[in-house]
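Peer 1:
Written out as structure tokens, the structure reads:
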């Protein structure tokens, strides 16, 4: 199985599949999984869904086929495989396919769904389509590079805002007569940074609300005081809050600012939002993975709560089931020109997936 696992991963890395161009890898995976004995379908957006087993529980193993742009020649060197997607996240998807195939050959009874989704690096079109179509399972693991001895049990949510500030303009030779929209926008931004909710844990990067000014646009032609400025904010939300609570707090602060600055018009728009998600660390899924990591790697698992946002958020909130993110690889190599995976870590992750699914099935029955 080792040779096949390395061969499969090499094939996946050799298929260039940036977001929006997953057709080739989607067809390859569907044909390969059919050859391995999966019951396979490709849906309307190009997701590949493979199924083995008929028993309980139903376990979803979900990874993404797409990568960021930028081709990296595939090569093996010093027991490492280089290639775009080696970390993020074709290795996890390959490990899931091999694991499910192994368990099916052993006549293992639970139903295992292995899904390769499109557009994770984009707008999560693949995951959103699965949710819309009502995909169901009892437990789910999303394949992303946590590291072979680590389990991601939480991601913060995201609130993307566009805030438009408008003022009256005039000649820049007399700036004291007018409100400068860029200056007022930045003044408002500094106030938004100071807004906090009572339940926040301000010393914790994960359990506090954080915000980042990711883009600012404004200015006029020469000799005019700026009368328009647009700010784009990325606000990250911990699991004790809903995005609506944080938005209400920010919107309230904006209204207070406008009251104090009647010559400034401010409009705020929600561009996108994603709910935060954190799984109970005492859930059978987390326990099974921790047990498996100890068995395979002889070390205690490390539980991670990440300040980023992933497809796990969408799956977890919509399906309302225990879900974690787990997969081999160093996430610091994501999207870099030297993206690579340690082959032994990849092979160990297959063992971890396998032992975890067996243990999870036992815990589910009990």
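Numbering (this note's numbering), first residue to last: 1 to 366. The C-beta atom is built at its ideal place from N, Cα and C for all residues, glycine as well.
1. Count the other CB atoms, across all protein chains shown, that sit within 10 Å of the CB of residue 215; report buried if there are 16 or more and exposed otherwise.
2. What three-state label does DSSP hand residue 39 in the structure shown?
3. When we look at the beta-carbon of residue 39 and count the other beta-carbons within 10 Å, is it buried (16 or more) or exposed?
4. State the DSSP-derived secondary structure class of residue 75, mapped to helix, strand or coil.
5. Out of 357, 165, 138, state which residue places its alpha-carbon closest to the alpha-carbon of residue 229.
6. Do residue 264 and residue 153 have their CB atoms nearer than 8 Å?
7. Name, in chain order, the residues that DSSP records as bridge partners for residue 88.
8. Within 10 Å of its beta-carbon, does residue 88 have 16 or more other beta-carbons around it, so buried, or fewer, so exposed?
9. State whether the segment 165–175 contacts the segment 225–244, with contact taken as three or more CB pairs (one from each stretch) at a distance under 8 Å.
10. Between which two residues does the alpha helix (DSSP H) harbouring residue 9 extend?
11. Touch check for the segment 273–286 and the segment 197–204: three-plus C-beta pairs under 8 Å?
12. In this structure, how does DSSP classify residue 195 when only helix, strand and coil are distinguished?
13. So, are the CB atoms of residue 12 and residue 25 less than 8 Å apart?
14. Quick check: the Cα distance between residue 30 and residue 42, rounded to an integer number of angstroms?
15. Below 8 Å, can you find three or more Cβ-Cβ pairs linking the segment 124–140 to the segment 90–98?
16. DSSP state of residue 244, grouped into three classes?
17. Excluding the five sequence neighbours on either side, which residues of its own chain have a C-beta within less than 6 Å of the C-beta of residue 205, listed in chain order?
18. For residue 327 and residue 53, I'd like the C-alpha separation in whole angstroms.
19. Excluding sequence positions up to five away, which residues of its chain have a Cβ less than 6 Å from the Cβ of residue 377?
20. Measure the CB-CB distance between residue 115 and residue 49 and report whether it falls below 8 Å.
21. Could you pull out every unbroken beta strand (DSSP E) segment of at least 3 residues lying fully inside the segment 250–335, listed in chain order?
22. Among the candidates 248, 365, 113, 162, whose CA atom is the shortest distance from the CA of residue 51?
23. What does residue 142 pair with, by DSSP beta-bridge criteria?
24. Can you tell me the Cβ-Cβ gap for residue 353 and residue 96, rounded? I've got them flagged as a contact below 8 Å.
25. Less than 8 Å between the CB atoms is what I'm expecting for residue 270 and residue 127, so what's the real figure, rounded?
26. Would you report the Cα separation of residue 172 and residue 236, rounded to the nearest angstrom?
27. Kindly indicate which residue of 144, 339, 16, 293 has the alpha-carbon position closest to the one of residue 310.
28. Within the same chain, show all residues whose beta-carbon is closer than 6 Å to that of residue 188, passing over the 5 residues directly before and after it, in chain order.
29. Quick one: give me the first and last residue of the beta strand (DSSP E) that residue 217 is part of.
30. Within this structure, are the beta carbons of residue 368 and residue 321 separated by less than 8 Å?
31. Which residues bound the alpha helix (DSSP H) around residue 344?
Peer 2: Taking the definition as stated:
1. On the chain shown, position 215 is the one that residue 215 refers to. Burial call: exposed.
2. Within the chain shown, residue 39 is the residue found at index 39, counting from 1. The answer is strand: DSSP assigns residue 39 an E or B state.
3. Position 39 of the chain shown, counting from 1, holds the residue named residue 39. Counting Cβ neighbours within 10 Å, residue 39 comes out exposed, since fewer than 16 surround it.
4. Position 75 of the chain shown, counted from the first residue, corresponds to residue 75. Shown here, residue 75 sits in a strand according to DSSP, grouped into three states.
5. Here residue 229 corresponds to residue number 229 of the chain shown, with the count starting at 1. Ranking 357, 165, 138 by Cα distance to residue 229 puts 165 first.
6. In the chain shown, residue 264 corresponds to position 264, counting from 1. In the chain shown, residue 153 corresponds to position 153, counting from 1. It is not a contact, given that the beta carbons lie outside the stated cut-off.
7. Looking up residue 88 in the chain shown gives position 88. DSSP output for residue 88 lists no bridge partner at all.
8. Translated into the one-based positions of the chain shown, residue 88 becomes position 88. Around the beta carbon of residue 88, 16 or more other beta carbons sit within 10 angstroms, so the residue counts as buried.
9. Result yes; three or more Cβ-Cβ pairs closer than 8 Å.
10. Residue 9 sits at position 9 when you count from the first residue of the chain shown. Element bounds for residue 9: 2–14.
11. They do not touch, by the three-pair rule.
12. As a first step, residue 195 must be located in the chain shown, where it is residue number 195. Reduced to three states, the DSSP call for residue 195 is coil.
13. On the chain shown, position 12 is the one that residue 12 refers to. On the chain shown, position 25 is the one that residue 25 refers to. Residue 25 is positioned such that its CB atom lies closer than 8 Å to that of residue 12.
14. Counted from its first residue, the chain shown places residue 30 at position 30. Counted from its first residue, the chain shown places residue 42 at position 42. The C-alpha of residue 30 lies about 7 Å from the C-alpha of residue 42.
15. Under the three-pair Cβ rule at 8 Å, the segment 124–140 does not count as touching the segment 90–98.
16. Indexing the chain shown from 1 puts residue 244 at position 244. DSSP places residue 244 in helix when its eight states are reduced to three.
17. Residue mapping note: residue 205 aligns to position 205 of the chain shown, counting from 1. Correct list, in chain order: 307.
18. As a working note, residue 327 is residue 327 in the chain shown. As a working note, residue 53 is residue 53 in the chain shown. Going by the C-alpha atoms only, they are around 23 Å apart.
19. It is not possible to answer for residue 377, since the shown part of the chain is limited to 1 through 366.
20. The residue you call residue 115 lines up with position 115 of the chain shown. The residue you call residue 49 lines up with position 49 of the chain shown. Yes, these two residues count as a Cβ contact at 8 Å.
21. Whole beta strand (DSSP E) segments, 3+ residues: 265–274, 302–306, 323–325.
22. By 1-based counting over the chain shown, the position of residue 51 is 51. Across the set 248, 365, 113, 162, the C-alpha of 113 shows the shortest separation from the C-alpha of residue 51.
23. Walking along the chain shown from the start, residue 142 turns up at place 142. Bridge partners of residue 142 according to DSSP: 62, 325.
24. On the chain shown, position 353 is the one that residue 353 refers to. On the chain shown, position 96 is the one that residue 96 refers to. Rounded, the Cβ-Cβ distance is 6 Å, consistent with contact.
25. By one-based count along the chain shown, residue 270 stands at place 270. By one-based count along the chain shown, residue 127 stands at place 127. In fact, because the Cβ distance is near 20 Å, the residues do not count as touching under 8 Å.
26. The residue you call residue 172 lines up with position 172 of the chain shown. The residue you call residue 236 lines up with position 236 of the chain shown. The straight-line gap separating the alpha-carbon atoms of residue 172 and residue 236 is approximately 37 Å.
27. Position 310 of the chain shown, counted from the start, is the residue given in the question as residue 310. Among 144, 339, 16, 293, the Cα nearest to that of residue 310 is on 144.
28. As a position in the chain shown, residue 188 is number 188, starting the count at 1. If we look at residue 188 and ignore the five residues flanking it on each side, its Cβ neighbours are 257.
29. Counted from its first residue, the chain shown places residue 217 at position 217. Looking at the DSSP string, the run of the beta strand (DSSP E) that includes residue 217 is 210–218.
30. Coverage of the chain is limited to positions 1 through 366, which leaves residue 368 absent and any answer about it impossible.
31. Within the chain shown, residue 344 is the residue found at index 344, counting from 1. Taken as a continuous stretch (DSSP letters only), the alpha helix (DSSP H) holding residue 344 covers 343–365.
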